[in-house]
Ligand code: ADP
Ligand code: MG
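Residue numbers (this note's numbering): 764 to 1089.
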């Protein structure tokens, strides 16, 4: 659907923002690009809709070079959502959402129905919201409008550049859940940029980890967790990103890892300080930062050890489950 063939971007300053990027995003895929600030995520995204010109290489959309599309044709097929979405303050929510359908000269009835449908799809009551102005909405609500505005004319592709990063954690989580639900229904090809690993894991069918304009690893969340390609990817997790995921906000205990079968069940008496199975996983994780494995006690008896590898397996299992439940 979207194919990058050896794409580079060198800014006039000589800065190589994107360096020989090759990748293929499939139709209907939720593709997440992640990496530290300045690694080239935004540049990569903006090259897709030609907001930034390529210095080298080729991008194809549906097997046609993007340079061969005329720009309006290209951009109408691609919705774009930014971190700080710019809703027009003097226009109502309905008018804001209707911008592209108006440009495309849809008839009034069709536009009104589309606005109704879209507001409903993100849980906003159409009659309550359609005539409001943007400043009468919360940050989270405005961001929802940004998302549905990008979807208004039914583009095949949706580009999202850190769309939820300005939101408080609760609205952010809500919007993440909404977008997952929405995607199940609409099956767009979504390219989603974030620097938050938890968000990437929660949303992506695949995650592309970037560093210095290059791809470090591109794989499913499960494989990235299980087989981080190198220390950069590994550290990205260990810097606290993953350990702060919802999995660990929900008071899980060491017991849960045992119950899931991720514990090496044999007795240890090597003198390392053990942990009780009723303690929080958060405490276990703190130990696993410095130790390869931690002995576990049940009712004061040592019953085995949990290793870092056990932990990673547990995390990926939980994430799979989260995906099933949503
Ligand atoms: P990210 O979105 O991952 O934070 P960007 O794609 O915005 O990264 O930027 C990648 C690199 O290119 C950075 O080093 C940035 O400073 C540089 N850069 C971005 N935009 C420009 C520009 N217009 N002119 C020159 N350098 C730029
Ligand atoms: Mg950026």
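Glycine included, each C-beta is placed from N, C-alpha and C at the ideal position.
query: Separation of residue 964 from residue 1004, as counted between CA atoms; result: Low confidence applies here, because residue 1004 scores a pLDDT of 48, under 50, leaving its location unreliable; read the following figure in that light. Their Cα atoms are separated by approximately 10 Å.
query: Neighbourhood of the ligand ADP [Cβ distance below 5 Å to any heavy atom], ordered by chain position; result: 774, 776, 778, 780, 800, 801, 802, 803, 804, 805, 806
query: Pairwise C-alpha distance: residue 954 and residue 885; result: 19 Å
query: Extent of the continuous alpha helix (DSSP H) to which residue 952 belongs; result: Element bounds for residue 952: not the alpha helix (DSSP H) but the beta strand (DSSP E), 952-957.
query: Backbone CA spacing between residue 917 and residue 950 [nearest angstrom]; result: 11 Å
query: Cβ separation of residue 810 and residue 952, assumed to be a contact under 8 Å, to the nearest whole Å; result: Between residue 952 and residue 810 the Cβ distance is about 16 Å, and since that is not below 8 Å, they are no contact.
query: Proximity winner among 844, 889, 797, relative to residue 909 (alpha-carbon distances); result: 844
query: Rounded separation between residue 887 and residue 868 - CA only; result: 25 Å
query: Classification of residue 841 by the beta-carbon crowding that lies within 10 angstroms, buried from 16 upward; result: buried
query: Among 857, 891, 866, the one whose alpha carbon lies nearest that of residue 876; result: 857
query: Residue 957 classed as buried or exposed, judged by whether at least 16 other C-beta atoms fall within 10 angstroms; result: buried
query: Where residue 969 sits in the DSSP three-state scheme; result: strand
query: For residue 849 and residue 938, the rounded distance between their alpha carbons; result: 18 Å
query: Beta-bridge partners of residue 784, as assigned by DSSP; result: 770
query: Sufficient close CB pairs (3 or more, under 8 Å) joining the region 1013-1023 to the region 1060-1075; result: yes
query: The ligand MG heavy atom lying under 7 Å from the CB of residue 959; result: no
query: Contact belief for residue 974 with residue 802 at Cβ below 8 Å, rounded distance in angstroms; result: 5 Å
query: The ligand MG heavy atom lying under 7 Å from the CB of residue 924; result: yes
query: Cβ shell of residue 892 (< 7 Å), same chain only, five flanking positions each side left out; result: 856, 882
query: Rounded Cβ spacing between residue 943 and residue 972 (contact assumed at less than 8 Å); result: The pair is not a contact, with the Cβ atoms about 20 Å apart (cut-off 8 Å).
query: At least three beta-carbon pairs within less than 8 Å, the region 816-832 to the region 987-995; result: no
query: Whole runs of the beta strand (DSSP E) within the region 884-967, excluding any shorter than 3 residues; result: 920-924, 952-957
query: N- and C-terminal bounds of the alpha helix (DSSP H) containing residue 1058; result: Note, residue 1058: premise wrong, no alpha helix (DSSP H); beta strand (DSSP E) at 1056-1061.
query: Simplified DSSP state of residue 1071, which is helix, strand or coil; result: helix
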